[in-house]
Amino acid sequence: MARFRLDEVDHQILDILIDNTRTPFTDIAKKLSISAGTVHVRVKKMEEAGIIIGSSLTLDYKKLGYAFIAYVGVYLNKTSQTKFVLERINDIPFVTVAHVTTGKFNVFCKVRAKNTEHAKQIIFLLDDIEGVYRTETMISMEESLNDKKRLMHSIFNEM
Numbered sequence: 001m002a003r004f005r006l007d008e009v010d011h012q013i014l015d016i017l018i019d020n021t022r023t024p025f026t027d028i029a030k031k032l033s034i035s036a037g038t039v040h041v042r043v044k045k046m047e048e049a050g051i052i053i054g055s056s057l058t059l060d061y062k063k064l065g066y067a068f069i070a071y072v073g074v075y076l077n078k079t080s081q082t083k084f085v086l087e088r089i090n091d092i093p094f095v096t097v098a099h100v101t102t103g104k105f106n107v108f109c110k111v112r113a114k115n116t117e118h119a120k121q122i123i124f125l126l127d128d129i130e131g132v133y134r135t136e137t138m139i140s141m142e143e144s145l146n147d148k149k150r151l152m153h154s155i156f157n158e159m
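This is how it looks when you write it as structure tokens:
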């Protein structure tokens, strides 16, 4: 499959959509001085090429009562248990991200909780999964950097 080529207009469309995926195509068109039809066609092509995969919604977890973030490194008894453990982790809704990793941990998880007591309960659930040898937890003091645009612009500059 040939690599999809993005031009400057595609970059600008993506730039706007990264800020707010709900931006109407008519607003994007006005801002870029192109037609809404052009925006629609370009977004559709990027979706078909797999560059745009769905859209996301950003929630303010603090306002929802889930401001506590912890990262939990999971050690397994055997690497062959990874799939089984990930299936059990998937059953814990407060684990929002899980990565299979190399190095110190077999799996690295992001946990969202109401407070330290709630986080402790979640970590105990992780510890109780068959095949988990032990866990190591790091508490996030604050999220200092979460900027998709910087990466996107770096990728565009390489193209």
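Numbered by UniProt numbering, the letters in the sequence shown go through residues 1 to 159 in order.
Heads up, the beta-carbon is just placed ideally off N, CA and C, and yes, glycines get one too.
Restricting attention to 106, 13, 31 and 128, the CA atom closest to the CA of residue 44 is found in 13. Note on residue 150: under 16 other CB atoms within 10 angstroms of its CB, so exposed under the neighbour-count rule. Of 47, 77 and 21, the smallest CA-CA separation from residue 128 is found for 77. Cβ atoms of residue 89 and residue 126 come within 8 Å of each other, at about 7 Å. Residue 49 sits in coil when the DSSP states are folded into three classes, being neither helix nor strand.
Within its own chain, the residues whose Cβ lies closer than 8 Å to the Cβ of residue 17, once the five positions on either side in sequence are excluded, are 23, 28, 43, 52 and 55, listed in chain order. Put simply, of 123, 34, 141 and 142 the residue whose alpha carbon is nearest the alpha carbon of residue 73 is 123. Around residue 101, the same chain offers 108 as residues with beta carbons nearer than 6 Å, after the five sequence neighbours per side are excluded. Secondary structure of residue 112 (DSSP, three-state): strand. The three-state reading of DSSP puts residue 26 in helix, counting H, G and I together. Within 10 angstroms of the beta-carbon of residue 111 lie 16 or more other beta-carbons, which makes it buried. DSSP places residue 79 within a helical segment (H, G or I) once states are collapsed to three. Counting other Cβ atoms within 10 Å of its Cβ, residue 4 stays below 16 and is therefore classed as exposed. Of the candidates 48, 49 and 58, 58 places its Cα closest to the Cα of residue 19. DSSP, read as helix, strand or coil, puts residue 5 in coil.
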